[in-house]
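Novice: Dumping the structure here so I can ask a few things about it.
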Amino acid sequence: MKSITIKGSERESVGKVATKALRNAGAVPCVLYGGNQPVHFSADERAFKSLVYTPNAHTVVIDLGEKILNAVLQDIQVHPVTDRILHIDFFQLNESKEITMEVPVKIVGTSPGVLLGGDLRLNLRRLKVKALPKNLPDFIEANISELEMGNKLYVTKVETNNFKLIHPDNTVICQVKISRAAMKAAQEAAKAAKAPAGKKKK
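To convert a position in the sequence shown, counted from 1, into my numbering, add 199.
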């Protein structure tokens, strides 16, 4: 999985006054969990754009000068009106311990059902995976090449290499629904098949 580097600085004071001053200065207060003790730091709000405002999944390299820490984004708080980032929690990665995170779904292949006029519906845009940090995928491939009209693609049909999908077996990733146009065509075809054949000429 690709990583993004966030350059920041450790925070000496974590009180409300100091936190407000950071936000007023355009910085985001952050906390890194998962190590021996939490690490409080801050970074410029613009540094998080490629991490937060993207459909892709990334690991994070937190550069605090003397400390270089690998992590994943765990939780984010945004202002309900302005959508400004208020606070971010990170979780420190350990190369020998599995981590759980959400990864985007990538549709591949061509569905026969779609070619016949069906509508492809994506039920889940992201899937939760569990793996060692080095095995985290950039995305999950959902191959729709065998989906006929009315078929569904379940998580059990997805290839997993060195990672696990944390979903029940009956979880549907996507499905091909019969469109109104295709349904109308099928009804007309059925009516034509039931219609009495014309009289044979002598």
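We put the beta carbon where it would ideally sit given N, CA and C, even for glycine.
Predicted model, so just to flag it, every value in this text is computed and none were measured.
1. If you draw a straight line from the C-alpha of LYS401 to the C-alpha of LYS393, how long is it?
2. DSSP three-state call for HIS244: helix, strand or coil?
3. Below 8 Å on the Cβ atoms is my guess for PHE290 versus TYR232; work out the distance and round it to an integer in Å.
4. Who are MET300's beta bridge partners in DSSP?
5. Between the C-alpha atoms of ALA226 and ILE298, what's the straight-line distance to the nearest angstrom?
6. Measuring alpha carbon to alpha carbon, tell me which of LYS201, VAL371 and ALA330 ends up nearest ASN322.
7. If you reduce the DSSP assignment to three classes, tell me which class VAL227 lands in.
8. What three-state label does DSSP hand ASN334 in the structure shown?
9. Starting from PHE290, follow its DSSP beta bridges and name the residues at the other end.
10. So the beta strand (DSSP E) VAL375 belongs to, where does it begin and stop?
Specialist: If we stick to the structure as given:
1. Summary for LYS401: the model assigns pLDDT 47, below 50, so the residue's position carries little reliability, and this model does not support an answer.
2. Per the sequence shown, residue 244 should be read as Glu rather than His. Of the three classes helix, strand and coil, the one that applies to GLU244 here is helix, per DSSP.
3. 5 Å
4. VAL328
5. 28 Å
6. VAL371
7. strand
8. helix
9. TYR232 and VAL271
10. 371–376
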